[in-house]
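Here the sequence shown is numbered in our numbering, starting from 7 and rising by one per residue.
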Amino acid sequence: TAQQTLFVYPGVYKEQVVVPLLNGPLVLQGYTCDTKSYAANQVTITQAKAQKDIPASIIKNRNDLTTTLLLKSNNVKVYNLNVANTAGNVGQAIAVKADGANNGFYACKFTGYQDTLYANQGPNLYAKSYISGAVDFVFGQYAKAWFESCDIVSVGKGCIAANGRDSATNPSEFVFNNAHVTGNGVGTAYLGRPWKAYSRAVWQNSDLSNVINPEGWQKWNGDNNVANVYFKECNNRGAGAATNKRVGFSGRLANPVPITDILGANYKTQWWVDNNFL
Numbered sequence: 007t008a009q010q011t012l013f014v015y016p017g018v019y020k021e022q023v024v025v026p027l028l029n030g031p032l033v034l035q036g037y038t039c040d041t042k043s044y045a046a047n048q049v050t051i052t053q054a055k056a057q058k059d060i061p062a063s064i065i066k067n068r069n070d071l072t073t074t075l076l077l078k079s080n081n082v083k084v085y086n087l088n089v090a091n092t093a094g095n096v097g098q099a100i101a102v103k104a105d106g107a108n109n110g111f112y113a114c115k116f117t118g119y120q121d122t123l124y125a126n127q128g129p130n131l132y133a134k135s136y137i138s139g140a141v142d143f144v145f146g147q148y149a150k151a152w153f154e155s156c157d158i159v160s161v162g163k164g165c166i167a168a169n170g171r172d173s174a175t176n177p178s179e180f181v182f183n184n185a186h187v188t189g190n191g192v193g194t195a196y197l198g199r200p201w202k203a204y205s206r207a208v209w210q211n212s213d214l215s216n217v218i219n220p221e222g223w224q225k226w227n228g229d230n231n232v233a234n235v236y237f238k239e240c241n242n243r244g245a246g247a248a249t250n251k252r253v254g255f256s257g258r259l260a261n262p263v264p265i266t267d268i269l270g271a272n273y274k275t276q277w278w279v280d281n282n283f284l
């Protein structure tokens, strides 16, 4: 039950990694000369499995079988790891899946194309990290997740966030605070779309480049069931931040969402929350 630390030496590791359910907390630390910046990371875990590579006979947990780094444990802190799924534009291909509560990711770099980051259980924190992709590349169904000061990079046409909150009692919500959004093309990316009918996502205090389409948000493959969707923006800036042409099922907040709504009132004293990154 004692804390364990796994230190990873520099290199490119071509493999899939699963962290099983552990009895105690775990720190995953990648080698770096600057713990505060993903730009100095010297450890990369990479592979290229996608849904198309999983045998049709396998019905359950297909996403897990494509994942580069799968965390099944609670109370995990991850520092200075680059995690990639290089399958490209071929369908669902996950780089990271956070399937435990109280997971914190710090100065990490997650790269992929579709479904890069699967933030499935929470609460979780992603801070001063880099996340790239094109289609639904930050998604998940049950997690309360706070994204603090992250660089979000769109590499193709599609939506960034696909929150899968499926009922009024599901606690899931994604909040992007002080994000920096860039990408290829003009108006080719959207802030999000509703994977499920009660989807919740908020972008606030963020710099949105012109990669963000003026409409801001999309429906799920033409599904008009958006009555219970909660898509909000607050105090954003940049060429993609204007809200005058946003879709009718989105809105603006008068005040930003407080971090306590996502991480809890006592987040500053929680082991998995590194306040040096907030």
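Even glycine gets a Cβ: it sits at the ideal position worked out from N, Cα and C.
Taking buried to mean at least 16 other C-beta atoms within 10 Å of its own C-beta, is residue i buried or exposed?
i: Asn218; result: The residue you asked about is not Asn; residue 218 is Ile in the sequence shown. The residue in question, Ile218, is buried, as its Cβ has 16 or more Cβ neighbours within 10 Å.
i: Asn169; result: buried
i: Thr266; result: exposed
i: Leu12; result: exposed
i: Lys115; result: buried
i: Lys251; result: exposed
i: Leu129; result: Reading off the sequence, residue 129 comes out as Pro, not Leu. Buried, by the Cβ-count rule.
i: Asn67; result: exposed
i: Val137; result: Per the sequence shown, the amino acid found at residue 137 is Ile instead of Val. So Ile137 ends up on the buried side.
i: Trp277; result: exposed
i: Gly21; result: Just to set this straight, residue 21 is Glu in the shown sequence, not Gly. Counting Cβ neighbours within 10 Å, Glu21 comes out exposed, since fewer than 16 surround it.
i: Gly311; result: The chain is shown from 7 up to 284; residue 311 falls before or after that span and cannot be answered.
i: Ser63; result: exposed
i: Asn47; result: buried
i: Asp40; result: exposed
i: Ser256; result: buried
Closest to residue i by C-alpha separation, out of the options, would be which residue?
i: Glu179; options: Ala93, Asn190, Asp59, Ala203; result: Ala203
i: Ser155; options: Gly164, Gln210, Ser205; result: Gln210
i: Gly228; options: Lys58, Val23, Ala207, Trp201; result: Trp201
i: Gly139; options: Phe153, Val159, Arg206; result: Val159
i: Ala113; options: Gln9, Asn91, Val82, Asp157; result: Asp157
i: Ala248; options: Asp40, Thr122, Asn176, Tyr196; result: Tyr196
i: Asp319; options: Asp105, Lys42, Lys238; result: There is simply no residue 319 to check, as the chain begins at 7 and stops at 284 in what is shown.
i: Gly164; options: Asp172, Asn282, Gly97; result: Gly97
i: Val181; options: Gly30, Ile166, Thr175, Pro220; result: Ile166
i: Glu221; options: Val235, Gly254, Asp213, Gly191; result: Gly254
i: Asn272; options: Asn108, Gln10, Ala8; result: Asn108
i: Asn234; options: Ala90, Thr275, Arg171, Val187; result: Arg171
i: Ser43; options: Ser135, Ala185, Pro177, Asn176; result: Ser135
i: His186; options: Asp142, Thr41, Gly246; result: Gly246
i: Val141; options: Gln224, Asn176, Asn230, Asp40; result: Gln224
i: Thr7; options: Leu76, Leu28, Asn91; result: Leu28
i: Gln9; options: Pro16, Val23, Leu34; result: Leu34
i: Leu76; options: Cys39, Thr41, Gln147, Val23; result: Val23
Looking at residue j and residue i, is the spacing between their C-beta atoms short of 8 Å?
i: Asn95; j: Gly162; result: yes
i: Val84; j: Phe111; result: yes
i: Thr74; j: Ala56; result: no
i: Gly189; j: Ser215; result: yes
i: Ala93; j: Tyr119; result: yes
i: Trp226; j: Arg199; result: yes
i: Val25; j: Lys78; result: yes
i: Phe153; j: Asn126; result: no
i: Tyr37; j: Val18; result: no
i: Ala133; j: Phe283; result: yes
i: Pro31; j: Asn86; result: no
i: Asn241; j: Pro264; result: no
i: Arg243; j: Asp280; result: no
i: Leu123; j: Leu269; result: no
i: Phe237; j: Ala207; result: yes
i: Thr117; j: Ala149; result: no
Just to confirm, does residue i get its C-beta within under 7 Å of one of the non-hydrogen atoms of the ligand GDP?
i: Asp70; result: By its list of ligands, the structure shown contains no ligand whatsoever, and the ligand GDP lies outside what it can speak to.
Q. Are there three or more Cβ pairs, one per stretch, closer than 8 Å when the segment 50 to 63 is compared with the segment 98 to 113?
A. Contact between the segment 50 to 63 and the segment 98 to 113 is present, because at least three Cβ pairs lie under 8 Å.
Q: Identify every run of the beta strand (DSSP E) within the segment 71 to 95, keeping only runs that are complete inside it and at least 3 residues long; order them along the chain.
A: Listed in chain order, the complete beta strand (DSSP E) runs (minimum 3 residues) inside the segment 71 to 95 are 75 to 77, 82 to 85, 88 to 91.
Q.
Which complete beta strand (DSSP E) runs does the segment 210 to 253 hold, if anything under 3 residues is left out?
A. Residue ranges of uninterrupted beta strand (DSSP E) with 3 or more members, entirely inside the segment 210 to 253 and ordered along the chain, are 236 to 240.
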